[in-house]
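K.L.:
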Amino acid sequence: MAGRPPRRRHRPALPDLRPPRARRPADRRAAAGRIHPARRSRPQRRSGSAAHRPVTAGGGQPAAVVSPPGGALDVFRNRPFLLLWIAQAATQIGGNMVIFGLTVIISKSTGSVSAVSALILTFLLPAVLFSALAGVFVDRLDRRLVLVLTNLLRGVAFVAMFFVGNHLGLIYLLNITVSSITVFFAPAEAAMIPIVVPRRQLLSANGIFTLTLNAAFALGFTLIGPLIVKIAGAPALIVVVALLYFVAAAFCWTLPPAPPSSQAIGRQSARVRVREAEDAMGSVVRQLREGLAYIRDHREIRWSLIYLGIAASLVGVLGVLGPSFAQKTLGLSSEDFVVVVLPLGVGIVMGILLLNAYGRLIPRRRVIEGGLIALGALLCAMALSGRISAFLGTSVTRPGLPDLSLLTSLLSIVVAVAFFAGVAYASVAIPAQTQLQEDLPEDVRGRVFGVLNMLVSVASFLPILVVGPIADLLGTTLVLVAVSILIVASGVASIYLRGPLRPVERVSRASVGGRGDPFVRALGAEISGPQDFLDEEGEPVAAVDERAIEEAAVAAAVVPADPDRDETKLLDPEVEPEVTQERDRESTTRSAG
């Protein structure tokens, strides 16, 4: 017995045993998939030239993993998404076109700023009344059917609007009808995206939809709408918009069916579901009270809502005062208001691109506050553009100076100011919306977000109601100066009332009921650490080098090789304590021997 070699102690089988070293390189990605299950369906990296070194936390492990496959435009290869996106682009551009067209019709037929104020209110009122109810119906109907019907009904309403001519009351009534239908279209469209898009492409899909939403304003309200009105007239624009909605309905019909889930409808009868919808209508006041209580208890939510309310109010105010400003200050017709709105829309798109490229270099709160101050100053400059042009015109006509009359003309100043005002507006609205999405916990996001949208619409009502009659009495210029002062004051108040920026903390945001950025969770990416690693703004740092991430994750999770063994073990979170205890027992046994 003494001459026999010592027997190796039996070791119980453990899950996730690594293969022998000979087969390890071929199976490395499979092993990494056991650490990060969310990457199992991701295709392998196509090229290493575009790789970036992963940002790591203290122990050299990746802090966060975000690795969407391919480029952002690869999602357009998904035919259902492409059809849904075309439908969204058609309806968004058409909706912004009709705002411009109806503004011109009412301004020319009445000459009253108050009448234009009433028109803007018809766009906003249904969102306040029906936002809380719309989600109840959408959850209980086929989303594709909702998209088709809402587009068809809106197209029919615009055809009817073409035949009513300049009848003010019927225009208001039909516009309220269209806006009410749109309230039900929006949640159905948002709920359709995850149905037609794979989980790994949600980030790209949502980014494209957000960019389209903002670009539609620049195209519809500032370019295509004014162009059609100038060439063919406002009634022709109404017909074009109706055709766009019919085209969108046809594209939505080709989408895959999206019936409600069994959990949403259960085994309830139609009568029970109708009663639930009636209860939801009656609970609007209760939900509004809950939303107000939540906002009161969460300071960050309150400030984000204030920023969004200011941005929404400003859009309404400019829509009301724009035609009057073009006529009385610039000496143009209502149709020529494009000289203001076109550079404004281009500036918004430029602001979005700048935020995407450099937004992480500056704390988000400072971007919003700086945007508010700049927006107020630029709005004041636009209101006083006539006086500024006259002053510069006399200054540059002195002997010995080059001819700068083209740059100091009233039109040039208005175009330049409108462009930079668009950039400033984007720096307020986009970061504030993003901040609000991140700060809302996942378990209350759907319920509270509808209430918050309703509150933003309510907050924008008062300025729109007030500026029309005041502008008729005191003039457009004075009202614009007063609005600009209030915007600057709101930016300064945010700086002083909110105090200095908080130091960066290694804590998870309360944004998604858990950890990390909501886009990270949408992609299903895993976090390789106990906490998110945040940058100076509090954003989770994302790594995009998939190969380096997998190699680092495997290296960090492999047990140091035992000289008596050919295998190593992956440390699964559930078995890691057991593996550690076994290794300790083996070390103790060898030391004792």
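The working numbering applies: residue 1005 is where the sequence shown begins, and numbers increase by one. We put the beta carbon where it would ideally sit given N, CA and C, even for glycine.
Do you know how far the Cα of I1491 is from the Cα of S1308?
P.N.:
15 angstroms
K.L.:
What is the DSSP secondary structure of P1198, reduced to helix, strand or coil?
P.N.:
helix
K.L.:
Taking contact to mean at least 3 C-beta pairs separated by less than 8 angstroms, is the stretch 1163 to 1171 in contact with the stretch 1253 to 1262?
P.N.:
no
K.L.:
I'd like to know whether the C-beta atoms of F1423 and G1363 end up nearer to each other than 7 angstroms.
P.N.:
no
K.L.:
Going by C-alpha distance, which of Q1439, L1396, Y1429, A1240 is nearest N1218?
P.N.:
Y1429
K.L.:
Output the distance between the C-alpha atoms of F1250 and T1398, rounded to the nearest integer angstrom.
P.N.:
54 angstroms
K.L.:
Kindly indicate which three-state DSSP category P1567 falls into: helix, strand or coil?
P.N.:
For P1567, the pLDDT reaches just 44, beneath the cut-off of 50, and the residue's location in the model is therefore unreliable, leaving the point undetermined.
K.L.:
What are the start and end residues of the alpha helix (DSSP H) that includes N1155?
P.N.:
1147 to 1168
K.L.:
Using C-beta distances below 6 angstroms, list every residue in its chain close to A1433, excluding the 5 sequence neighbours before and after it, in chain order.
P.N.:
A1315
K.L.:
With a threshold of 8 angstroms on Cβ separation, who are the neighbours of F998 within its own chain once the five nearest residues in sequence on each side are excluded?
P.N.:
Here the chain has residues from 1005 to 1597 only, and residue 998 is not among them.
K.L.:
Please report how far the alpha carbon of G1383 lies from the alpha carbon of A1394, in whole angstroms.
P.N.:
The sequence as given places Leu at residue 1383; Gly does not occur at that position. Answer to the nearest angstrom: the Cα atoms are 18 angstroms apart.
K.L.:
For R1144, does the three-state DSSP call read helix, strand or coil?
P.N.:
R1144 carries a coil assignment under DSSP once its states are collapsed to helix, strand and coil.
K.L.:
Quick one: give me the first and last residue of the alpha helix (DSSP H) that R1369 is part of.
P.N.:
Residue range 1368 to 1387 is occupied by the alpha helix (DSSP H) that includes R1369.
K.L.:
Where V1470 and V1201 are concerned, what is the direct C-alpha to C-alpha distance, given to the nearest angstrom?
P.N.:
44 angstroms
K.L.:
Specify the secondary structure class of P1544 as computed by DSSP and reduced to three states.
P.N.:
Bear in mind that the predicted position of P1544 carries a pLDDT of just 45, short of 50, making it too unreliable to give a figure here.
K.L.:
Within 10 angstroms of the Cβ of N1360, are there 16 or more other Cβ atoms? Answer buried if so, exposed if not.
P.N.:
exposed
K.L.:
Quick check: the stretch 1186 to 1201 against the stretch 1143 to 1155, are there 3 or more CB pairs under 8 angstroms?
P.N.:
Taking 8 angstroms as the limit for Cβ pairs, the verdict is that the stretch 1143 to 1155 does touch the stretch 1186 to 1201.
K.L.:
Considering V1108, what are the terminal residues of the alpha helix (DSSP H) in which it resides?
P.N.:
Looking at the DSSP string, the run of the alpha helix (DSSP H) that includes V1108 is 1083 to 1114.
K.L.:
Taking the Cβ atom as the reference point for each residue, do I972 and V1120 lie within a distance shorter than 7 angstroms?
P.N.:
An answer regarding residue 972 cannot be provided, because it is not within the stretch 1005 to 1597 covered by the chain.
K.L.:
Quick check on the DSSP output: the alpha helix (DSSP H) that includes T1480 runs from which residue to which?
P.N.:
1480 to 1502
K.L.:
List the endpoints of the continuous alpha helix (DSSP H) containing Q1437.
P.N.:
1414 to 1443
K.L.:
Taking the straight line between their C-alpha atoms, what separation do you get for S1135 and V1187?
P.N.:
Going from the Cα of S1135 to the Cα of V1187 covers about 6 angstroms.
K.L.:
Taking the alpha helix (DSSP H) that L1259 falls in, what are its first and last residues?
P.N.:
Per DSSP, L1259 belongs to no alpha helix (DSSP H) and is neither H nor E.
K.L.:
With distance defined between alpha-carbon atoms, name the residue in F1141, A1246, T1114 nearest to N1179.
P.N.:
A1246
K.L.:
What is the C-beta distance between T1107 and L1123, in whole angstroms, given that I count them as a contact (C-beta under 8 angstroms)?
P.N.:
7 angstroms
K.L.:
Could you spell out the range, first to last residue, of the alpha helix (DSSP H) harbouring S1337?
P.N.:
Note, S1337: premise wrong, no alpha helix (DSSP H); not H, not E.
K.L.:
Thinking C-beta only, is L1325 closer than 7 angstroms to T1480?
P.N.:
yes
K.L.:
For F1080, which residues of its own chain have a beta-carbon under 7 angstroms away from its beta-carbon, when the five flanking residues on both sides are left out?
P.N.:
L1086
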